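If you read the protein sequences in the order shown, they are chains A and B.
Using the working numbering, read the first sequence as starting at 1 and increasing by one per residue.
Using the working numbering, read the second sequence as starting at 1001 and increasing by one per residue.
2 protein chains.
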Amino acid sequence: MVFRVLDIAKRVHDHTWKLDPIIRSLLDTDFYKLMMLQMIWKMHRDVDATFTLINRTTSIRLAEEIDIGELRAQLDHARTVRLTKKEAIWLAGNSFYGRKQIFEPDFLAWLAEFRLPDYEIAQKDGQFELHFHGKWTDTTMWEIPALAIINELRSRAAMRGMGPFELDVLYARAKAKMWEKVERLKQLPGLSISDFGTRRRHSFLWQRWCVQALQEGIGEAFTGTSNVLLAMDNDLEAVGTNAHELPMVYAALAETDEGIARANYKVLEDWNRLYGGNLKIVLPDTFGTAAFLRHAPDWVADWTGFRPDSAPPIEGGERIIRWWQEQGRDPRDKILIFSDGLDVDTIINTYRHFEGRVRMAFGWGTNLTNDFVDCAPRRNDQLRAISLVCKVTEANGLPAVKLSDNPRKATGDPREIERYLRIFGSEERAEKPVYV
Amino acid sequence: MVFRVLDIAKRVHDHTWKLDPIIRSLLDTDFYKLMMLQMIWKMHRDVDATFTLINRTTSIRLAEEIDIGELRAQLDHARTVRLTKKEAIWLAGNSFYGRKQIFEPDFLAWLAEFRLPDYEIAQKDGQFELHFHGKWTDTTMWEIPALAIINELRSRAAMRGMGPFELDVLYARAKAKMWEKVERLKQLPGLSISDFGTRRRHSFLWQRWCVQALQEGIGEAFTGTSNVLLAMDNDLEAVGTNAHELPMVYAALAETDEGIARANYKVLEDWNRLYGGNLKIVLPDTFGTAAFLRHAPDWVADWTGFRPDSAPPIEGGERIIRWWQEQGRDPRDKILIFSDGLDVDTIINTYRHFEGRVRMAFGWGTNLTNDFVDCAPRRNDQLRAISLVCKVTEANGLPAVKLSDNPRKATGDPREIERYLRIFGSEERAEKPVYV
């Protein structure tokens, strides 16, 4: 007879647990949040900022798919999570972007006491109204966990009606699909690709699987993950620099049209003072790339690279290259980081297009960590990723705005958007569908 | 903190076990073996028969892929397996082919004491020489477990160098591939398909997964499994009737040319006396279908159906239909069971070809339970199924022969094959590649 092992304790635990927590570590967030957090903590400690959930896929009625009680339970659990000793030691001892002690001891001491602030939630017209009010240092840290929680609760809801066999087939297909992508990417010599998929992931475990698939499958070409926890646990590079929230808050606080026009460059100056080096990556599209480039001071052309984040990659990349050339710079010394709506086809086409003309890196998000299209045995549209973001909407009570190169990605009060458009103009902005 | 469950006892068991047994039940065999066994036990209890392993894929040097020590350990373990009470009760109490008590109490009492007989093994030119000598009642029962053991040991050897991640991708792809097949088969209304894949399976667990995939995926169209254990455990029909070994032994024992020519019909007479009903399925190709049909007594046309097993399905099926029509029978009252080298394309094409003209059932073997082509992350030809059989080679010391409709599937001493060809002729026999 063969000894059949069954762990009774595990079985009992499984059927008695109250909650399967989605956020189990404060490091389960994007690295750029920590980089920005240190800057906010050093330079803008007293600023208040409100972050708000925005579901750009309005056809999906989130509050009908996800139970608000479950959502509260997950948000509440995330608020109980603290930095562990091991995590603090790793942040202090690890090198990031080749630099030791990128985080100052005082900042880490403050972070050790950090907890996520309260939230405000309601339901309206089938959507959640989810706001985070408070100090910018606190509310900024909700962006990624809030998105990860909602996306994973949505996946769980989608899979609730599925039997064990259907789930098995679902994940088998998703793995097979992911591996096809890995095999195609393996063909590109000298590729640099990172995981940027935390916020839109199907689930934490699935993101971890995808990260390990890239690690195993494309080796050196896999240059890191934006997820700090996964970077720590898998000895990977943590990657990411900064986001739209910095120019958005700077502009909101500036109040005058002139101040708004200068906000983006002021961010770069502050960033440079704090970090510099490889971390000098320009995110040009907050208020439109064309306006950004037209008024950019000379020194912006000295920065390491650009991250065009809302134009199609080839068009957006060509625009930056042209500008570098106009400024007398050689694009081959520069890097373009693509991170908007990438999938394997886009990555391959973009790579082939720019090969030899500029250095490139790809920050692969939703289609890496949440591509379950056609994977369910029975059609299940709920497993399709949606375009969900968590944006700063106010700073010290003043409205915050993002224009983007794609008007569909604009956020903010319509009248404020009008005002910003008068300041920046709308040249080269073009509507594109936003899937993810 | 989240409670992490680890079963220490399981971990310890896993790293201390001596053997992961492949054959854990005497019912882990094909149903037709039990049907034939009862007939052999009733009518030919004193006949000696030798079964021999034959690797038709001679390019694969089995003895270099599989360690003879491991093979012995598995064969030895299989010899320790006995019918359990639960199994005996199920065989007695279950209905097979709509008939209660198909197995007689005396036979089941004998089977309760059954153990697999000894084996004789050697290595030569990179192949195993594996023989089972003894009573036909005993040696016949080695066919399926011997093949299942060797095929699974070969899979294990193929996967030995693979890491946990590679294995994960391998099975994910195999599952995804299998599910594509399920979805294609689902399109055919009124399909009848059974699992015939025990002997060539990748592993027991994989066969079980495939069977459950069919159960879940095509529902009513999945009419059963030849594997008795899987039928019992999953409340499926156990299917299968008889095999070439019956006419082969009958012919060997007959000795005279006339006796050899009549052997096949004699088998059918005995079979009919014992079983009848839905179990009246003719296997016509042991010594060539053309000869079989030409000399068949009238009553053969009254049988329920035919299982053409070595001609291409459409050609083989048309041949039988033509014969039924010549005999004045309506093929729509008859059934054709296809079981040779099927895959989804063959099944669909055959189904479409005969739709409405004859009833059909498909016994799906190797390509159901051992299709790992292109599933490994790194190319791994060792995972490709081979054409391995275990055939009766002698009866009471006399040579046994199979001609088949495909000369490449012929077995036996070349001089004996010559003799049989003189008796039966070789019309309509045509060489086809044998993959599985």
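Heads up, the beta-carbon is just placed ideally off N, CA and C, and yes, glycines get one too.
All of these numbers come straight from a predicted model, not from anything done at the bench.
Exercise for review: Consult DSSP for Met-162(A) and reduce its assignment to one of helix, strand or coil.
Suggested key: coil
Review point. If you compare alpha carbons, which of Ala-311(A), His-295(A), Val-239(A) and Glu-269(A) is closest to Trp-303(A)?
Key: Glu-269(A)
Review point. Under 8 Å between the Cβ atoms of Val-439(A) and Val-249(A)?
Key: Outside the shown range of chain A, which is 1 to 436, sits residue 439(A), and nothing can be said about it.
Check your understanding: Between the beta-carbon of Ala-1361(B) and the beta-carbon of Thr-1225(B), is there less than 8 Å?
Key -> no
Practice item. Starting from the C-beta of Gly-1288(B), find all residues in its chain whose C-beta is less than 8 Å away, skip the five residues before and the five after it, and write them out in chain order. Key: Leu-1403, Ser-1404, Asp-1405, Phe-1424, Gly-1425, Ser-1426, Glu-1427, Glu-1428 and Arg-1429
Practice item. Mind checking the region 1161-1172 of chain B against chain A and listing, in chain order, the residues whose C-beta falls within less than 9 Å of any C-beta there? Key: Gly-1163, Phe-1165, Glu-1166, Asp-1168, Val-1169, Tyr-1171 and Ala-1172
Review point. Are there 16 or more other CB atoms within 10 angstroms of the CB of Glu-1355(B), so buried, or fewer, so exposed?
Key: exposed
Practice item. Answer yes or no: does any C-beta atom of chain B fall closer than 8 Å to that of Pro-145(A)? Key: no
Point to revise | Three-state secondary structure assigned by DSSP to Glu-1064(B) | key: helix
Practice item. Return the CA-CA distance between Leu-1236(B) and Phe-1096(B), expressed in angstroms with no decimal places. Key: 10 Å
Exercise for review: Please go through the region 100-156 of chain A and give each complete beta strand (DSSP E) segment of 3 or more residues, from N-terminal end onward.
Suggested key: 120-124 and 127-132
Review point. Is it a yes or a no for the region 135-149 of chain A touching the region 28-40 of chain A, going by three-plus beta-carbon pairs under 8 Å?
Key: yes
Practice item. For Gln-1325(B), return the contacting residues in chain A, with the cut-off set at a CB-CB distance below 7 Å. Key: Result: empty, since nearest Cβ-Cβ is about 42 Å, beyond 7 Å.
Practice item. Tell me whether Glu-1431(B) is buried or exposed, calling it buried when 16 or more other Cβ atoms sit within 10 Å of its Cβ. Key: exposed
Point to revise | Own chain, CB closer than 7 Å to Ala-410(A), minus 5 neighbours either side, in chain order | key: Lys-402, Leu-403, Ser-404 and Ile-417
Review point. Which residues bound the alpha helix (DSSP H) around Cys-390(A)?
Key: Element bounds for Cys-390(A): not the alpha helix (DSSP H) but the beta strand (DSSP E), 388-395.
Check your understanding: So what's Asn-264(A) in DSSP terms, helix, strand or just coil?
Key -> helix
**Study point:** Length of the line joining the Cα atoms of Phe-107(A) and Phe-114(A)
**Key:** 10 Å
Review point. Along the chain, where does the beta strand (DSSP E) that runs through Ile-1022(B) open and close?
Key: Note, Ile-1022(B): premise wrong, no beta strand (DSSP E); not H, not E.
Exercise for review: Using three-state DSSP, classify Ala-1311(B) as helix, strand or coil.
Suggested key: coil
Exercise for review: Hey, could you find the ends of the beta strand (DSSP E) Ala-1361(B) is sitting in?
Suggested key: 1359-1364
Review point. Among residues of its own chain, excluding the 5 on either side of Val-389(A), which ones have a beta-carbon nearer than 6 Å to its beta-carbon?
Key: Ile-54
Review point. From Glu-258(A) to Pro-164(A), what distance separates their C-alpha atoms?
Key: 60 Å
Check your understanding: Of all the alpha helix (DSSP H) runs that stay within the bounds of the region 1192-1233 of chain B, which reach a length of 4 or more residues?
Key -> 1204-1218 and 1228-1233
Review point. Is His-454(A) buried or exposed, if buried means 16 or more other CB atoms sit within 10 Å of its CB?
Key: Nothing about residue 454(A) can be reported from this structure: the residues present for chain A run from 1 to 436 only.
Check your understanding: Along the chain, where does the alpha helix (DSSP H) that runs through Phe-1096(B) open and close?
Key -> Looking at the DSSP string, Phe-1096(B) is not in any alpha helix (DSSP H), and its letter there is neither H nor E.
Review point. Helix, strand or coil for Thr-369(A) per DSSP?
Key: helix
Point to revise | Nearest-angstrom Cβ-Cβ length linking Val-1182(B) and Ala-1395(B), presumed shorter than 8 Å | key: Rounded, the Cβ-Cβ distance is 41 Å, inconsistent with contact.
Point to revise | Close-in-space but distant-in-sequence residues of the same chain around Leu-1083(B) (CB under 7 Å, 5 per side omitted) | key: Leu-1026, Leu-1111, Ala-1112 and Phe-1114
Review point. To which residues of the same chain is Ser-1310(B) closer than 6 Å at the C-beta, ignoring the five residues directly before and after it?
Key: Asp-1285, Asp-1340, Ser-1404, Asp-1405, Asn-1406 and Lys-1409
Exercise for review: For Gln-1212(B), decide whether its Cβ has a neighbour in chain A, counting only Cβ atoms nearer than 8 Å.
Suggested key: yes
Check your understanding: Taking 8 Å as the CB-CB limit, is Ala-221(A) close to chain B?
Key -> no
Exercise for review: Determine the extent of the beta strand (DSSP E) in which Thr-1050(B) is found, giving its start and end residues.
Suggested key: 1049-1055
Check your understanding: Leaving out the 5 sequence neighbours to the left and right, which residues in its chain are closer than 8 Å to Gln-325(A) when beta-carbon positions are compared?
Key -> Pro-331
Check your understanding: If Ile-66(A) sits next to Leu-205(A), beta carbons under 8 Å apart, how far is it from one beta carbon to the other, in whole angstroms?
Key -> Rounded, the Cβ-Cβ distance is 19 Å, inconsistent with contact.
Check your understanding: Alpha carbon to alpha carbon, how far is Arg-1024(B) from Val-1373(B)?
Key -> 27 Å
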